[in-house]
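Protein chains: 2
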Amino acid sequence: MAAAPSPGTARALDTFVKLRRAVNAIGARLNPALLKEHRLTETQFGVLEALHHKGPMAQARLCEKLLVSGSNLTTVVDNLERRSYVRRLADPDDRRAHRVELTPTGRQIISRAFPGHATRITEVLRHLTRAEQAELGRLCRKLGRAVAGTV
Amino acid sequence: MAAAPSPGTARALDTFVKLRRAVNAIGARLNPALLKEHRLTETQFGVLEALHHKGPMAQARLCEKLLVSGSNLTTVVDNLERRSYVRRLADPDDRRAHRVELTPTGRQIISRAFPGHATRITEVLRHLTRAEQAELGRLCRKLGRAVAGTV
DNA sequence: TCCATTATATTCGACATCGAACTATCCGAT
DNA sequence: ATCGGATAGTTCGATGTCGAATATAATGGA
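Going down the list, the protein sequences come from chains A and B.
For what it's worth, the numbering used here labels the leading residue of the first sequence as -19, then goes sequentially.
For what it's worth, the numbering used here labels the leading residue of the second sequence as -19, then goes sequentially.
Printed below as a string of structure tokens:
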């Protein structure tokens, strides 16, 4: 027989399961719409959105923002570049780096996709009150920072 | 010019970003350990864990529990079966269905992998107090149910 | 200057993931 | 009894995702 988990462990597991399921459920709501309406995956959207709001940046910067691996980002940027939504430019200050920037087409795509996405997120979060949203945000921020800080 | 987002939208977006980042950060902590120590992905672990705690079940049941698509589950069970961690058995009551069950090897694997995983989750969640964990769980549960309920 | 280390990006192989199309089966209504 | 719709799984193609290995370039110290 395995030892009975401590109360602290049971509580942590329970919390984690609920956190996971909530995010999965929201993703299951958001992502199909993004795919159907704009043929964009979640990560593709994330890249375009980051470039749209922060301007051109090196792939390593995008990796940090989106919390994905470098090899993954290479693939995603490849696919976006194939559709001419983004361009890779040599970085004059660092010959290792490629700066990624939106093309006019890419700018158009993200400008059209963003409002609907934001609306859907708002609809989902409307199930919580303002205060609840604020508290959820605070707890997630605290958790995220603690985890990232311990790496 | 795009219209300025309403305060409600800005709040929802902010909350959602924090939620996403927290889950990603935790996954980045948990999954590499699972992969290195037991050569298991998150979903493989989820399947083994579900079978371990609930006993054999049809793939459709696993899909519901793990919130993944049927085609995805077919792939994951294929990979687990190839390593002889699980078996597919014909369901005598429904000839369409396959019941999935752990092999002795699979039972051994999940028995060994579970404690470490639980410990890591506990360590992560320790950054929140009991009351905060309870509140986070409550909010996620509320959110998850609301979203799933609207499908 | 030269070298070890670090950082940026790519390639490769394995696996996850989805939706669409498909087969087989079940089940309820006629 | 049967027929139409729902359900269980699989297959396929596209994409995401990671880690390991690789190539190149920057950087700091001997």
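Note that beta-carbon positions come from the ideal geometry of N, C-alpha and C, so glycine has one too.
Keep in mind that this is a model prediction, so the values were computed, not measured.
query: So what's B:H78 in DSSP terms, helix, strand or just coil?
result: strand
Against chain A: residues of the segment 1 to 19 of chain B by CB proximity under 7 Å: R1, A2, V3, N4, A5, I6, A8, R9
CB contact flag (B:L20, B:A30, <8 Å): no
- prompt: Could you give the distance in angstroms between the alpha-carbon of B:P84 and the alpha-carbon of A:R9?
  reply: 38 Å
- request: Could you round the C-beta distance between A:K122 and B:H107 to whole angstroms and report it? I think they count as a contact, below 8 Å.
  value: 7 Å
message: Does B:R67 come out as helix, strand or coil in the three-state DSSP assignment?
response: strand
- prompt: What are the boundary residues of the alpha helix (DSSP H) that B:S91 is part of?
  reply: 84 to 105
query: With a CB to CB cut of under 8 Å and the five nearest residues on each side skipped, what residues in its chain are close to B:E81?
result: L31, G35, P36, V66, R67, L69
task: Could you pull out every residue in the same chain whose Cβ sits closer than 8 Å to the Cβ of A:M116, ignoring the five residues on either side in sequence?
output: According to the sequence provided, residue 116 of chain A is Leu. The question's Met does not apply to it. Counting only Cβ-Cβ distances below 8 Å, and skipping sequence neighbours, we find L108.
- request: Out of A:N59, A:A128, A:L46, point me to the one whose CA is closest to A:G26's CA.
  value: A:L46
query: Given a threshold of 16 other Cβ atoms within 10 Å of its Cβ, counted over all protein chains shown, does A:G86 qualify as buried or as exposed?
result: buried
Members of the segment 37 to 69 of chain A that neighbour chain B once the beta carbon cut-off is set at 8 Å: L47
message: Between B:G124 and A:A2, how many whole angstroms is the CB-CB distance? I'm expecting something under 8 Å.
response: 4 Å
message: Using a 10 Å radius around the Cβ and a threshold of 16 neighbouring Cβ atoms, would you call B:G(-8) buried or exposed?
response: According to the sequence provided, residue -8 of chain B is Ala. The question's Gly does not apply to it. By the 10 Å Cβ count, B:A(-8) comes out buried.
message: I'd like the ranges of any alpha helix (DSSP H) spanning at least 4 consecutive residues and lying wholly in the segment 8 to 61 of chain B.
response: 22 to 34, 39 to 46
- prompt: Under three-state DSSP, which class holds A:T109?
  reply: coil
query: Which whole-angstrom value is the C-beta distance of B:R100 and B:A13, which I expect to be below 8 Å?
result: 6 Å
Within 8 Å, strictly: CB atoms of A:T54 and B:G(-12): no
field: Cross-chain neighbours of B:E115 in chain A, by beta carbon under 8 Å
entry: E115, L119
message: Classify A:A40: buried if its beta carbon has 16 or more other beta carbons within 10 angstroms, exposed otherwise.
response: exposed
- request: Establish whether the CB of A:F(-4) and some CB of chain B are separated by less than 8 Å.
  value: yes
task: Starting from the Cα of A:E17, find the closest Cα among A:Q113, A:A93, A:V104 and give me that residue.
output: A:A93
message: Only counting the same chain, and skipping five residues up and downstream in sequence, which positions put a Cβ closer than 8 Å to that of A:L28?
response: L20, L60, Y65, V66, L82, G86, I89, I90, A93
query: Just to confirm, are B:T23 and B:V57 a CB contact at a threshold of 8 Å?
result: no
- prompt: Taking Cβ-Cβ distances shorter than 7 Å, what residues in chain B pair up with A:H107?
  reply: K122, L123, A126
query: If you draw a straight line from the alpha carbon of A:Q114 to that of A:V104, how long is it in whole angstroms?
result: According to the sequence displayed, residue 114 of chain A carries Ala and not Gln. Roughly 15 Å between the two C-alpha positions.
field: C-alpha distance - A:E112 paired with B:R118, whole-angstrom precision
entry: 10 Å
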